[in-house]
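J.:
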Amino acid sequence: MVKFLLNRLAMMLLTMLCASFLVFAVCEYTPGSVARKSLGPFATQQQVDLLTAKLKANDPLVVRYGRWLGVLVGAIPDPLQDPSTGLNFKDPRGAQYFGNFGYSTLNKLPVNDVIWNRLGNTAILAGLAFLLIVPLSIIFGILSGLKEGGALDRTLSVICITFTSIPEFASGVFLVTLFVILWPILPGTSPLTSDGGWAIPYQFVLPVAVLVIYDFGYVARMIRVSMIAVMERPYIRTAVLKGMSTRRVILGHALRNAMIAPFTVLLLQINFLISGVVVTELVFAYPGFGRLILEASLFGDISTLEAATLITVAIAVVTQLLGDLGYMLLDPRIRVR
Amino acid sequence: MNLIVSNPQGSAMSGSSPSHTVLDVNDLRIEFHGKSETVVAVPTLSFRVKAGESYGLVGESGCGKSTTAMAIMGYLGSTGVIAGGSIRFEGKELVGASARELREIRGRQIAMVYQDPMSALNPVKTIGSQLAEVPLLHLGVSRTEAMEMAAAMLEDVRLPDAGDMLKRYPHQLSGGQQQRVVIAMALLARPSLLLLDEPTTGLDVTVEAAVIDLIGELRSRYSTSLLFISHNLGLIAETCDRVGIMYSGEMVEEGPTGDLFRRPRHPYTQGLIDCIPDITHDKRSRSLAAIPGHIPLPQERPIGCFFAPRCTGFTAGLCDRPDLELEHIGGDHMVRCIRWRDMKRSQPAQLAQIGKAQVQTQAVAVSGLTKLYKLGGDRTLKANESVSFNAAKAEIVALVGESGCGKSTLARIVTGLDRATSGEVRIAGENVAEIQAKDRPRDLLQSVQMIFQNPDSTLNPSHCAAFSIRRSIKKFGIRKGKAAIEERVRELLEMVRLSPAIANRKPNQLSGGQKQRIAIARAFAADPALIVADEPVSALDVSVQAAIVTLLLDIQREKQSTMLFISHDLALVRHVADKVVVMYLGKVMEQGTVEEVFDGGTHPYTEALISAIRSPNPDEKRRDRVHLTGDTPSPINVPTGCRFATRCHRKVGAVCDSVAPPLRKMSDTHEIACHIDATELRTTPSRYGALGQGRA
Numbered sequence: 013m014v015k016f017l018l019n020r021l022a023m024m025l026l027t028m029l030c031a032s033f034l035v036f037a038v039c040e041y042t043p044g045s046v047a048r049k050s051l052g053p054f055a056t057q058q059q060v061d062l063l064t065a066k067l068k069a070n071d072p073l074v075v076r077y078g079r080w081l082g083v084l085v086g087a088i089p090d091p092l093q094d095p096s097t098g099l100n101f102k103d104p105r106g107a108q109y110f111g112n113f114g115y116s117t118l119n120k121l122p123v124n125d126v127i128w129n130r131l132g133n134t135a136i137l138a139g140l141a142f143l144l145i146v147p148l149s150i151i152f153g154i155l156s157g158l159k160e161g162g163a164l165d166r167t168l169s170v171i172c173i174t175f176t177s178i179p180e181f182a183s184g185v186f187l188v189t190l191f192v193i194l195w196p197i198l199p200g201t202s203p204l205t206s207d208g209g210w211a212i213p214y215q216f217v218l219p220v221a222v223l224v225i226y227d228f229g230y231v232a233r234m235i236r237v238s239m240i241a242v243m244e245r246p247y248i249r250t251a252v253l254k255g256m257s258t259r260r261v262i263l264g265h266a267l268r269n270a271m272i273a274p275f276t277v278l279l280l281q282i283n284f285l286i287s288g289v290v291v292t293e294l295v296f297a298y299p300g301f302g303r304l305i306l307e308a309s310l311f312g313d314i315s316t317l318e319a320a321t322l323i324t325v326a327i328a329v330v331t332q333l334l335g336d337l338g339y340m341l342l343d344p345r346i347r348v349r
Numbered sequence: 007m008n009l010i011v012s013n014p015q016g017s018a019m020s021g022s023s024p025s026h027t028v029l030d031v032n033d034l035r036i037e038f039h040g041k042s043e044t045v046v047a048v049p050t051l052s053f054r055v056k057a058g059e060s061y062g063l064v065g066e067s068g069c070g071k072s073t074t075a076m077a078i079m080g081y082l083g084s085t086g087v088i089a090g091g092s093i094r095f096e097g098k099e100l101v102g103a104s105a106r107e108l109r110e111i112r113g114r115q116i117a118m119v120y121q122d123p124m125s126a127l128n129p130v131k132t133i134g135s136q137l138a139e140v141p142l143l144h145l146g147v148s149r150t151e152a153m154e155m156a157a158a159m160l161e162d163v164r165l166p167d168a169g170d171m172l173k174r175y176p177h178q179l180s181g182g183q184q185q186r187v188v189i190a191m192a193l194l195a196r197p198s199l200l201l202l203d204e205p206t207t208g209l210d211v212t213v214e215a216a217v218i219d220l221i222g223e224l225r226s227r228y229s230t231s232l233l234f235i236s237h238n239l240g241l242i243a244e245t246c247d248r249v250g251i252m253y254s255g256e257m258v259e260e261g262p263t264g265d266l267f268r269r270p271r272h273p274y275t276q277g278l279i280d281c282i283p284d285i286t287h288d289k290r291s292r293s294l295a296a297i298p299g300h301i302p303l304p305q306e307r308p309i310g311c312f313f314a315p316r317c318t319g320f321t322a323g324l325c326d327r328p329d330l331e332l333e334h335i336g337g338d339h340m341v342r343c344i345r346w347r348d349m350k351r352s353q354p355a356q357l358a359q360i361g362k363a364q365v366q367t368q369a370v371a372v373s374g375l376t377k378l379y380k381l382g383g384d385r386t387l388k389a390n391e392s393v394s395f396n397a398a399k400a401e402i403v404a405l406v407g408e409s410g411c412g413k414s415t416l417a418r419i420v421t422g423l424d425r426a427t428s429g430e431v432r433i434a435g436e437n438v439a440e441i442q443a444k445d446r447p448r449d450l451l452q453s454v455q456m457i458f459q460n461p462d463s464t465l466n467p468s469h470c471a472a473f474s475i476r477r478s479i480k481k482f483g484i485r486k487g488k489a490a491i492e493e494r495v496r497e498l499l500e501m502v503r504l505s506p507a508i509a510n511r512k513p514n515q516l517s518g519g520q521k522q523r524i525a526i527a528r529a530f531a532a533d534p535a536l537i538v539a540d541e542p543v544s545a546l547d548v549s550v551q552a553a554i555v556t557l558l559l560d561i562q563r564e565k566q567s568t569m570l571f572i573s574h575d576l577a578l579v580r581h582v583a584d585k586v587v588v589m590y591l592g593k594v595m596e597q598g599t600v601e602e603v604f605d606g607g608t609h610p611y612t613e614a615l616i617s618a619i620r621s622p623n624p625d626e627k628r629r630d631r632v633h634l635t636g637d638t639p640s641p642i643n644v645p646t647g648c649r650f651a652t653r654c655h656r657k658v659g660a661v662c663d664s665v666a667p668p669l670r671k672m673s674d675t676h677e678i679a680c681h682i683d684a685t686e687l688r689t690t691p692s693r694y695g696a697l698g699q700g701r702a
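Here you go:
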């Protein structure tokens with residue numbers, strides 16, 4: 013078991029290295045240099061060249077990637093914070109520490125000051141959505157999977173498919189029209205400040221609703237398919253012919269088996285909810301992680317992008333690991349000794 | 007010893023009178039309503055099971071026997087409907103019973119044992135919790151009491167270490183153990199009727215023997231009535247008091263077991279009995295009489311006798327009258343055949359003398375073949391260990407053994423699907439043991455062809471039947487040009503007795519037998535020198551099996567190809583093979599000609615295998631059953647001495663556990679690996695002798 017976990021940890025580090033290098037390489041092709049972005053549009057070409065030389069930004073890609081890694085693990089100080097650059101970039105944690113994601117050229121702030129706050133906001137949004145998606149999709153999936161092709165199955169399937177196929181921006185606008193304009197009981201934006209006169213809990217309702225509507229139908233469909241397959245298994249027949257009631261058969265025999273396959277899908281939703289909710293965040297002006305990534309990539313803010321990449325990869329790998337552990341918990345056949 | 011055994015409180019005791027009827031099925035009609043059509047699975051069926059009786063329901067797949075069992079349990083799925091008739095259990099009507107009434111009967115008064123125990127048990131729940139559910143549901147006991155009852159029941163079904171067993175999961179048990187658990191589960195609430203739906207199909211023969219013994223023992227102990235559903239006539243003949251033969255949803259013959267098997271009256275029953283191979287005859291003394299044609303689909307049942315299209319005694323104006331009844335022909339024996347008085351049992355066809363292959367040119371020589379699978383760590387799985395045997399040209403060598411004995415691994419190495427760890431396989435003088443199929447030259451590939459076990463999964467469902475035959479001809483360049491290839495395809499289809507019209511059908515439009523004929527045609531399309539047939543007929547119904555085996559033997563004789571015939575069915579091997587190699591846990595236990603292995607002194611394991619064969623012939627003396635204990639050990643940690651020592655009934659002593667057995671040369675061709683010396687081996691009590699009285 014220890015070996016298994018160590019193995020997974022090593023894989024996780026390797027994945028993070030590969031992903032961060034890819035992002036680093038791709039950023040090469042975005043217009044504008046680090047120096048130009050740091051100095052702003054009004055700096056002269058001479059100033060930019062000077063800073064480029066100081067930052068050694070003309071070194072080969074791999075060398076610069078290595079330097080970035082060095083900053084990250086705290087082996088070397090962040091060159092942007094060097095007072096000689098005259099940029100006046102100051103990280104209160106110091107220029108050299110483990111986990112130094114560098115300086116965001118977009119926000120003119122240390123990445124660590126920006127990103128965790130945003131991630132926290134998104135985590136709240138995602139967590140609330142996930143808490144609703146899990147029970148909703150399980151209930152919908154199980155109920156429609158009980159009797160394939162029955163009236164209940166068809167009704168629920170139509171609901172699920174309709175909801176899943178409405179894009180987030182459409183359902184967002186629709187909900188805003190309904191609950192903000194026609195029947196104003198909720199705020200139309202969610203900046204997570206009380207300035208607009210709405211208490212913060214109210215601001216979560218619509219973004220969470222949009223996410224749940226978009227996502228739960230898909231997961232419910234997955235659970236439905238798995239449930240249908242399980243209900244046809246001979247051990248369900250065994251349970252029924254033992255004289256058990258339908259309810260006991262489902263709760264005692266079918267449910268756990270039916271959750272084995274969709275378990276990964278369910279966990280994958282965490283990844284989606286953390287990094288893929290850009291549209292919802294934009295619609296509701298929500299200060300979240302997805303929007304940060306979007307802004308950073310439009311601006312070419314390498315430091316922020318790299319940090320975001322590492323975080324999302326880490327989340328993805330961790331959820332996969334949780335998925336595997338969950339499998340083992342659910343299915344005794346694949347437990348490792 | 008425990009609560010259950012010391013206090014028999016079950017409902018089984020209620021029926022004290024011997025003639026009391028437990029189950030009365032009367033004019034039962036079962037239909038399946040699809041979206042556009044209605045299929046009548048069982049048109050009309052009547053039979054009775056009396057208290058304490060064991061009633062056997064026999065028939066081939068699709069005859070409606072399992073459907074009948076499910077109808078009794080009230081479990082026909084969403085499309086199945088009981089359209090008429092009644093099922094009375096202990097006087098109570100089950101047709102139309104409410105869900106609540108059914109729940110009280112299911113598991114409590116009627117319990118069931120299923121065909122495939124692995125899938126009948128929930129993989130994510132422990133044995134203990136699955137067993138305890140039954141008393142918790144039906145007997146109103148506490149959880150601890152239920153667990154105690156479960157543990158006691160596990161001891162009753164002879165599972166060792168019941169306490170530990172309760173905590174295990176189904177996948178940690180062997181097939182035989184799983185079936186014992188299912189039986190224990192069925193018996194926990196002391197039902198008065200036990201439905202057994204092919205309870206031993208899929209189990210190894212020695213395991214099957216033990217399970218059948220157990221069922222017999224528990225039956226008398228708990229005085230449970232049995233409804234035994236099977237396609238295996240031998241098994242039914244041995245375990246049942248009365249037998250009903252079903253054909254296409256109808257009872258065609260019913261009677262007391264001895265009477266029915268001694269004097270079968272219906273031509274179908276006669277055909278069924280004649281088409282199963284028996285241990286006393288080989289291919290030189292008897293050919294299997296196949297029943298022509300196939301079971302009609304429910305939509306294409308003829309008017310009158312359903313068996314008419316396949317019957318040699320069909321008489322127009324007599325057999326196609328719509329009101330054929332089951333006719334009493336003395337005693338309890340009933341038959342649904344208007345011409346039963348005229349139906350003479352056809353005599354086994356006399357064979358053209360098949361001489362033994364005269365020229366003994368070596369075709370395949372396997373020597374010292376070993377295959378180890380590394381499983382990580384220091385664990386290795388020994389699939390084959392120094393296996394050696396020869397096959398002469400045009401000879402059929404049977405590889406026999408139970409699951410896990412390494413016979414399929416051997417086949418994979420010979421065909422190049424896997425490579426040997428060490429040792430040699432010489433085909434036409436060339437060692438191919440370590441050459442995989444992708445590295446083999448084309449002429450070598452062509453010379454070794456394989457016939458697989460399950461024709462359903464080996465034909466590509468999206469290609470037509472002739473596709474694989476055509477491809478084989480093209481790839482090996484047997485014929486050139488489109489017309490010549492088509493000509494050859496037609497010849498091959500004719501060779502396997504299929505009409506050319508079948509060439510363009512998709513596999514799902516073919517029956518199992520037709521699919522296997524296509525597979526045989528494909529294998530022979532390449533004009534191979536060696537055919538490896540891995541359980542080629544074990545997935546087929548007995549009447550079809552006979553036809554396929556006969557066909558295979560005919561073609562093999564005509565083409566003079568060598569064949570490795572892999573099978574677990576010893577009666578079939580007796581009928582097919584020239585030479586037999588008996589394997590156990592990766593090692594050869596015995597090899598010799600078919601006569602030597604079946605008639606002479608044999609290895610204790612072979613003896614056990616042969617003794618497990620059941621014959622439906624009631625006049626054939628019961629063989630002394632050899633009772634093997636335990637399960638086949640895991641091939642990962644094999645016993646150090648003789649592989650068979652842990653289960654052997656003729657163990658010499660400690661030497662068996664520690665020293666590998668010497669090879670006893672019984673004759674030039676007969677070898678036995680055993681510590682018992684040759685003279686003593688020779689005096690093995692004859693298996694057809696008078697010693698065994700069998701079970702009472």
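These protein sequence lines map, in sequence, to chains C and A. Note that the numbering used here has the first sequence beginning at 13, numbered continuously upward. Note that the numbering used here has the second sequence beginning at 7, numbered continuously upward. A virtual CB, placed ideally from N, CA and C, is assigned to each residue, including glycine.
1) Please name the residue, chosen from Ser373/A, Ala545/A, Tyr379/A, that lies closest to Ser392/A on a Cα-to-Cα basis.
2) Tell me the rounded alpha-carbon separation between Met252/A and Glu492/A.
3) What is the C-beta distance between Arg249/C and Tyr81/A, in whole angstroms, given that I count them as a contact (C-beta under 8 Å)?
4) Are there 16 or more other CB atoms within 10 angstroms of the CB of Cys30/C, so buried, or fewer, so exposed?
5) Establish whether the CB of Ser478/A and some CB of chain C are separated by less than 7 Å.
6) Listed in chain order, which residues of the segment 261 to 283 of chain C have Cβ atoms closer than 7 Å to some Cβ of chain A?
7) DSSP three-state call for Leu266/A: helix, strand or coil?
8) Here's a check: name, in chain order, each residue in its chain whose Cβ is nearer than 8 Å to the Cβ of Gly647/A, leaving out the five neighbours to either side.
9) Take Thr421/A and list the residues in its own chain whose beta-carbon comes closer than 6 Å to its own, dropping the five residues that flank it on each side.
10) From which residue to which residue does the beta strand (DSSP E) around Tyr253/A run?
11) When the distance is taken between beta carbons, is Gln368/A closer than 7 Å to Asn396/A?
12) Under 6 Å Cβ to Cβ from Met234/C, same chain only, skipping five residues before and after it: list those, please.
13) Could you check where the beta strand (DSSP E) with Leu536/A kicks off and where it finishes?
14) Residue ranges of each beta strand (DSSP E) run of no fewer than 3 residues wholly in the segment 64 to 109 of chain A, ordered along the chain?
15) How should Phe216/C be labelled, buried or exposed, when 16 other C-beta atoms within 10 angstroms of its C-beta is the threshold for buried?
16) Would you please verify whether the beta carbon of Tyr247/C is less than 7 Å from any beta carbon of chain A?
17) Any beta carbon of chain C sitting closer than 7 Å to that of Pro624/A?
18) Using the rule of at least 16 other Cβ atoms within 10 Å of the residue's Cβ for burial, across every protein chain shown, is Leu18/C buried or exposed?
19) Go ahead and label Lys388/A buried or exposed: buried means 16 or more other beta carbons lie within 10 angstroms of its beta carbon, across all protein chains shown.
20) Which residues, taken in chain order from the segment 125 to 155 of chain A, show a beta carbon closer than 7 Å to some beta carbon of chain C?
21) Less than 8 Å between the CB atoms is what I'm expecting for Leu199/A and Val55/A, so what's the real figure, rounded?
22) Roughly how many whole angstroms lie between the Cα atoms of His581/A and Leu194/A?
23) Counting only beta-carbon atoms, is Thr201/C nearer than 7 Å to chain A?
24) Which residues does DSSP pair with Gln597/A in a beta bridge?
25) Along the chain, where does the beta strand (DSSP E) that runs through Asn133/C open and close?
26) Just confirm the distance between the C-beta atoms of Ile218/A and Leu232/A, as a whole number of angstroms; I'd bet it's less than 8 Å.
27) Grab me the residues of Lys15/C's own chain with a C-beta within less than 8 Å of its C-beta, minus the 5 sequence neighbours each way, in chain order.
T.: According to the structure data:
1) Among Ser373/A, Ala545/A, Tyr379/A, the Cα nearest to that of Ser392/A belongs to Ser373/A.
2) Between Met252/A and Glu492/A, the alpha-carbon positions lie close to 41 Å from each other.
3) Here Arg249/C really is in contact with Tyr81/A; their C-beta atoms are around 7 Å apart, less than 8 Å.
4) Cys30/C should be labelled exposed.
5) Interface criterion not met: the Cβ of Ser478/A is under 7 Å from no Cβ in chain C.
6) Listed by position, the residues of the segment 261 to 283 of chain C near chain A (Cβ gap below 7 Å) are His265, Arg268, Asn269.
7) The DSSP-derived three-state label of Leu266/A is helix.
8) Short of 8 Å from the beta carbon of Gly647/A, and not among the five residues preceding or following it, lie these beta carbons of its own chain, in chain order: Val661, Cys662, Asp663, Ser664, Val665, Ala666, Pro667.
9) Result list for Thr421/A: Val454, Met456, Val538, in chain order.
10) The continuous beta strand (DSSP E) containing Tyr253/A extends over residues 248 to 253.
11) Cβ distance < 7 Å, so Asn396/A and Gln368/A count as in contact.
12) The answer, listed in chain order, is Pro274, Val277.
13) Where Leu536/A is concerned, the enclosing beta strand (DSSP E) stretches over 536 to 540.
14) Within the segment 64 to 109 of chain A, the complete beta strand (DSSP E) runs of at least 3 residues are 86 to 95.
15) Around the beta carbon of Phe216/C, 16 or more other beta carbons lie within 10 angstroms, which makes this residue buried.
16) So yes, Tyr247/C belongs to the interface.
17) In terms of beta-carbon proximity, Pro624/A stays away from the interface with chain C, with every pair separated by 7 Å or more.
18) Exposed.
19) Under this definition Lys388/A is a buried residue.
20) Result list: Ser125, Ala126, Leu127, Asn128, Pro129, Val130, Glu139, Val140, Leu143, His144.
21) So it is a contact: roughly 7 Å between Cβ atoms.
22) Taking the CA atoms as reference points, His581/A sits about 42 Å from Leu194/A.
23) Contact with chain A is absent for Thr201/C, since none of that chain's Cβ atoms lies less than 7 Å from the residue's Cβ.
24) Per DSSP, Val587/A, Glu677/A.
25) Per DSSP, Asn133/C belongs to no beta strand (DSSP E); it is in the alpha helix (DSSP H), 123 to 158.
26) The pair is not a contact, with the Cβ atoms about 11 Å apart (cut-off 8 Å).
27) Hits under 8 Å: none found.
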